[in-house]
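In our numbering, the protein residues as written are 14 to 282. Beta carbons are placed, not taken as given, at the ideal position from N, Cα and C, and that holds for glycine. Nothing here was measured: the structure is a model prediction, and the numbers come from that model. Remarks on the structure that follows.
Have a look at this one:
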């Protein structure tokens, strides 16, 4: 499956884990355009596979990107439309880090962005769409969980310290109300700081694929890196002790969303 670009693991349940930002790969021609800051690929969702290893009993399908978001951001509108009008964000092909530091020696032009869309953006979404259709065909519905993490303090993007758990459902539009309510209730039972549809309401993946009327329930979870890394700086070391509590919380929230989706599906039968 597009070696070096995407990894797809097929599971046997209605759950799909989408991981658009854990990759650190950069094709040589793109790497040659990055400056020294850009080559650090610091705005990575670090250790997603390791963090979500707890989900194995759910038998999820996993669609994971191998390339850095600095190549192209798989969770942005391919038309280039901002997901958060009036708020600071990064673009389809980011020009800066989240902190606002430039990352390119030569800023990609429109034709280069179009090339990357065809070469790197489209294969991920072709794979993800195919998994959604396969899971729907097998189970009648799908729960798409979009996995993300970010530094807990980024003044350019948000004030203060980000909560540990940031659930996004595009303000209730990307999943059924009962699925959203179950996830929020389960999240409320966890000791971690949390918010639903706060600064992060769900990116393009959540908004594009979340179609509850077509039985696809999409939820995004943005996690503060401080909850599972030793430090929010290089070398971005995974802290298993910290992560254990986070994994317990995530497992409960996902289980609740799955149960609600299953109950809703049975009521429709």
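Closest in alpha carbon position to residue 268, among 254, 196 and 120, is 196. The continuous beta strand (DSSP E) containing residue 159 extends over residues 155 to 163. Beta-bridge partners assigned by DSSP to residue 230: 156. The beta strand (DSSP E) runs lying completely inside the segment 191 to 248 and spanning 3 residues or more are 207 to 209 and 229 to 237, given in chain order. Residue burial annotation: residue 43 is buried, with at least 16 other C-beta atoms found within 10 angstroms of its C-beta. Taken atom to atom, the span from the alpha-carbon of residue 152 to that of residue 169 is near 42 Å.
Annotation for residue 39: no beta strand (DSSP E) segment contains it, and DSSP assigns it neither H nor E. Restricting attention to 119, 59 and 201, the CA atom closest to the CA of residue 241 is found in 59. Between residue 77 and residue 19, the beta carbon gap of about 7 Å places them in contact (Cβ cut-off 8 Å). DSSP, read as helix, strand or coil, puts residue 54 in coil.
Note on geometry: alpha-carbon atoms of residue 141 and residue 87 lie some 11 Å from one another. Listed in chain order, the alpha helix (DSSP H) runs fully inside the segment 57 to 122 are 61 to 64, counting runs of at least 4 residues. Taking all protein chains in view, the Cβ of residue 172 is surrounded by fewer than 16 other Cβ atoms within 10 Å, so the residue is classified as exposed. In this structure, DSSP gives residue 48 a state outside helix and strand, which the three-state scheme calls coil. Counting along the chain, the unbroken beta strand (DSSP E) around residue 180 starts and ends at 178 to 181. Selection 66, 97 and 155 evaluated against residue 210 yields 97 as nearest (Cα-Cα). Sequence-distant Cβ neighbours of residue 95 in its own chain, meaning closer than 7 Å and more than five residues away, are 102. In the three-state DSSP reduction, residue 276 falls in the helix class (H, G or I). Of all alpha-carbon atoms in 277, 191, 255 and 182, the one lying nearest the alpha-carbon of residue 232 is that of 182. Here the alpha carbons of residue 216 and residue 228 stand approximately 19 Å from one another.
Between residue 85 and residue 134 the beta-carbon gap is near 5 Å, inside 8 Å, which marks them as a contact. Going by C-alpha positions, residue 130 is about 8 Å away from residue 91.
The C-beta of residue 226 has fewer than 16 other C-beta atoms within 10 Å across all chains shown, which makes the residue exposed. Taking a contact as a CB-CB distance under 8 Å, the pair residue 145 and residue 222 counts as one, their CB atoms being some 6 Å apart. Counting only the Cα atoms, residue 71 lies some 44 Å from residue 119. Judged by DSSP secondary structure, residue 19 falls within the beta strand (DSSP E) whose first and last residues are 19 to 22.
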